[in-house]
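Since the structure comes first, as structure tokens, the remarks are kept for the end.
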Amino acid sequence: MRGRIVRKQVIVLATAILIVAGLAGYAWWDTWQNRQRADASREALAVAPAAAAAIFSYDYRTFDAAVANGKNFATGTFASEYAKTTTALKDSVVKEQAVVTAQVSASGVIDVAPDRVQVLLFVNQYRRNVNISGEKVDQNRVVLTLVKVDEAWKVSAASAL
Numbered sequence: 019m020r021g022r023i024v025r026k027q028v029i030v031l032a033t034a035i036l037i038v039a040g041l042a043g044y045a046w047w048d049t050w051q052n053r054q055r056a057d058a059s060r061e062a063l064a065v066a067p068a069a070a071a072a073i074f075s076y077d078y079r080t081f082d083a084a085v086a087n088g089k090n091f092a093t094g095t096f097a098s099e100y101a102k103t104t105t106a107l108k109d110s111v112v113k114e115q116a117v118v119t120a121q122v123s124a125s126g127v128i129d130v131a132p133d134r135v136q137v138l139l140f141v142n143q144y145r146r147n148v149n150i151s152g153e154k155v156d157q158n159r160v161v162l163t164l165v166k167v168d169e170a171w172k173v174s175a176a177s178a179l
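Okay, so the sequence shown: first residue is 19 according to our numbering, each after it adds one.
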């Protein structure tokens, strides 16, 4: 009889230890994931304004350099799309002597994972060309999806709202 009581106590104690260990493991993992997401948010928010300014700005006098700067922030299919778009745009930019300067006025994280962050940016584009007098301002909302590539955050998608 005494042997059965001891066996039950051992089983209950072992079960309790396993439950506590499982809960502690889950709490550690959840804290680690939250820390990873917080780091990703902070890092992507630090890069996103510079990326948007580079991608959405150009000057007919230095167009190729501006595009090269934008490409530094792009990756994957977005990099290919950006290259095609800017190649198609070049002739009209030069012809119209267009200058577009993008400035981010505000930004915030929409969605975050440790290796992928979606950022909403409010982008003012100041534009001048031979077809308009003075400078015009376009106010845009843009969602950039940034992914981690070799420890650097790169734009993998961009969409206007």
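Here a beta-carbon is modelled for each residue, glycine too, at the ideal position from N, C-alpha and C.
When 117, 40, 88 are compared, the shortest CA-CA separation from residue 146 is found for 117.
With a contact defined as Cβ atoms closer than 8 Å, residue 135 and residue 62 qualify at about 4 Å. Along the segment 24 to 100, the alpha helix (DSSP H) occurs as fully enclosed runs of 4 or more residues at 81 to 89, listed in sequence order. If you compare the alpha carbons of 95, 159, 103, 104 with that of residue 179, the shortest gap goes to 159.
In this structure residue 96 is not in contact with residue 122, their Cβ atoms being roughly 18 Å apart against a cut-off of 8 Å. When secondary structure is reduced to three states using DSSP, residue 137 falls in the strand class. When DSSP states are grouped into helix, strand and coil, residue 107 belongs to the helix group.
Counting C-beta pairs with one atom in each stretch, the segment 22 to 40 and the segment 83 to 101 have fewer than three that are closer than 8 Å, which means they do not touch. Of all C-beta pairs linking the segment 39 to 49 to the segment 100 to 114, fewer than three are shorter than 8 Å, placing the two stretches out of contact. The C-beta distance from residue 148 to residue 69 rounds to 29 Å, too long to meet the 8 Å contact threshold.
Residue 38 is classed as exposed because its beta carbon has fewer than 16 other beta carbons within 10 Å across all chains shown. Residue 41 has its alpha-carbon roughly 52 Å from the corresponding atom of residue 84.
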